[in-house]
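K.L.:
One structure, pasted below without further comment.
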DNA sequence: ATAAAAATGGATCAGCAACTCCAGAAAAGA
DNA sequence: TCTTTTCTGGAGTTGCTGATCCATTTTTAT
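Residue numbers (my numbering), protein chains in the order written: chain X, 263 to 468; chain R, 263 to 468.
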């Protein structure tokens, strides 16, 4: 909505996207404040004026980066989440998340969370953009719990909204501890414990 | 260890502390990069040269701020955590955390986590400092679970290490969502769900 | 073909923020 | 007391970074 109503050539759209991707890459590694527009210019292979041709200022670029990361992180898994309709499926999802963190040596954490923490109290547009990404993510996780309600894995009346929120929180907190400690152990502990809880809820006999 | 071995007058120590506190305040609100040393100078009521008299550079000041926040956040509750030896005690602790966030209108999140997210991949000293704070925090939470093992609330063999790590992750993730959404609901969901799990573990009949 | 709009290159500016310097005041030690 | 160390004040300097400007090329539309 905010982004310009100016016409974009296919070529123009391509350079715009290159700029956003370059900015997203750099900001993930060096942080928002630690990324200069000159770095973005070089990394994207454009000239200084291009950036200001497509974005009003650095804040506008940052907002575009948030949208980009929301899409990159959530949409990738969005379809897969609907299939998370059993405890075993949750566990293999956890294994994938942990394996990915191991691959990147526990660096960077969650791109959305990183942007949120850095801009939370500075740029309210950025904050609500991050909130929107989290909301979308939580809704995706919730799909799986809804399915578990349908197939009888979870007993009727289970608060799947709270459960999906708690699951996302565990994931985010686990990722933060994983990043700080440079170890996947806390991430595994956080996600496994939450999944164990789902399993206990799913166990009818009590 | 890193901080200078230079002698500090009681007056000097006071000034040094004022600088760190001012920096901690400002960085909590405006972020590390968003806080200038001129702001710190004014807020602490010192002159520019003072800051460089007590700290080598901005990074050194940031590291002192991390130590300060570690102490402020963790040590305050450290003793209280040992008393968290029942599910009811955990719930009232959760209520306090939620009430505090409501008081500050869900702004700022966790000071330690904020510093960690902002500096995670930039300053490795800072990152390990934050990791130390989290470790200390987790150990404090663990005390309560150890007590619950002793008093028989939790069955023997419970992995209290994983449990306390998961609890801290839920708290951190909940605080992040709380800050982004400007609502305590996600924080309540995250902590309550984790406490519910402890309650289920504590329920012997299954 | 030709005018209009969009895209690009690169030099340049202006402000700010980290950091320095030095002189002088206060305090400690002998 | 007097010498040495620590503490303080504030004016400077330097480099970087976000932002601007304008000329030129490329594309689109009629």
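Note that CB positions come from ideal geometry on N, CA and C, so glycine has one too.
Taking residue 371 of chain X as part of the alpha helix (DSSP H), name the residues at either end of that continuous run.
P.N.:
Unbroken run through residue 371 of chain X: none, as it is neither H nor E.
K.L.:
Can you name the residues of chain X whose CB is closer than 9 Å to the CB of residue 396 of chain R?
P.N.:
By Cβ distance, chain X contributes 438, 439, 442, 443, 448.
K.L.:
Does any C-beta atom of chain X lie closer than 8 Å to the C-beta of residue 275 of chain R?
P.N.:
no
K.L.:
Apart from the five residues just before and just after residue 303 of chain R, which ones in its own chain have a Cβ nearer than 8 Å to its Cβ?
P.N.:
309, 310, 312, 313
K.L.:
At a CB-CB cut-off below 7 Å, which residues of chain X make contact with residue 376 of chain R?
P.N.:
379
K.L.:
Measure the CB-CB distance between residue 360 of chain R and residue 461 of chain R and report whether it falls below 8 Å.
P.N.:
no
K.L.:
Where do the N-terminal and C-terminal ends of the alpha helix (DSSP H) with residue 320 of chain R fall, by residue?
P.N.:
320-332
K.L.:
Closer than 9 Å, Cβ to Cβ, to anything on chain X: give me those residues from the region 285-313 of chain R, in chain order.
P.N.:
Residues of the region 285-313 of chain R with a C-beta less than 9 Å from any C-beta of chain X: 290, 291, 292, 293, 294, 295, 296, listed in chain order.
K.L.:
In three-state DSSP terms, what is residue 378 of chain X?
P.N.:
helix
K.L.:
In chain X, which residues lie less than 9 Å from residue 369 of chain R when you measure between Cβ atoms?
P.N.:
Correct list: 382, 383.
K.L.:
In three-state terms, what does DSSP make of residue 408 of chain X?
P.N.:
helix
K.L.:
Cα-Cα, which of X/417, X/356, X/395, X/384 is closest to residue 456 of chain X?
P.N.:
X/356
K.L.:
Return yes when the Cβ of residue 372 of chain R is within less than 8 Å of the Cβ of residue 444 of chain R, no when it is not.
P.N.:
The answer is no: Cβ separation not under 8 Å.
K.L.:
So with Cβ pairs under 8 Å, would you call residue 434 of chain X a contact of chain R?
P.N.:
yes
K.L.:
Measure the C-alpha to C-alpha separation of residue 387 of chain X and residue 285 of chain X and round it to an integer number of angstroms.
P.N.:
Put simply, the backbone Cα of residue 387 of chain X is about 18 Å away from that of residue 285 of chain X.
K.L.:
What's the gap between the Cα of residue 279 of chain X and the Cα of residue 439 of chain R?
P.N.:
Computed Cα separation, rounded: 28 Å.
K.L.:
Expressed to the nearest angstrom, what Euclidean distance is found between the alpha-carbon atoms of residue 298 of chain R and residue 292 of chain R?
P.N.:
Taking the straight line joining both Cα atoms gives about 10 Å.
K.L.:
Thinking C-alpha only, which one of R/412, R/403, R/436, R/442 is nearest residue 424 of chain R?
P.N.:
R/403
K.L.:
Alpha carbon to alpha carbon, what distance is there between residue 290 of chain X and residue 333 of chain X?
P.N.:
15 Å
K.L.:
For chain X, check one thing: does any of its Cβ atoms lie closer than 8 Å to the Cβ of residue 410 of chain R?
P.N.:
No, no contact with chain X.
K.L.:
Counting only C-beta atoms, is residue 420 of chain R closer than 8 Å to chain X at any point?
P.N.:
no
K.L.:
At a CB-CB cut-off below 7 Å, which residues of chain R make contact with residue 393 of chain X?
P.N.:
442, 443
K.L.:
Name the chain X residues that come within less than 7 Å of residue 389 of chain R, Cβ to Cβ?
P.N.:
442
K.L.:
Does DSSP put residue 445 of chain X in a helix, a strand or coil?
P.N.:
In the structure shown, residue 445 of chain X sits in coil (DSSP, three-state: anything other than H, G, I, E or B).
K.L.:
DSSP state of residue 358 of chain X, grouped into three classes?
P.N.:
helix
K.L.:
For residue 277 of chain X, collect the residues of the same chain with a Cβ closer than 7 Å to its Cβ; drop the 5 residues on either side in sequence, then sort them by chain order.
P.N.:
308, 312
K.L.:
Cα-Cα, which of X/330, X/282, X/352, X/321 is closest to residue 454 of chain X?
P.N.:
X/352
K.L.:
Taking Cβ-Cβ distances below 9 Å as the criterion, which residues of the region 450-467 of chain X are in contact with chain R?
P.N.:
450, 451, 452, 453, 454, 455, 456, 458, 459, 462, 463, 465, 467
K.L.:
Could you give the residue range of the alpha helix (DSSP H) that holds residue 282 of chain X?
P.N.:
Counting along the chain, the unbroken alpha helix (DSSP H) around residue 282 of chain X starts and ends at 272-292.
K.L.:
Mind checking if residue 427 of chain R is an interface residue toward chain X, Cβ cutoff 8 Å exclusive?
P.N.:
yes
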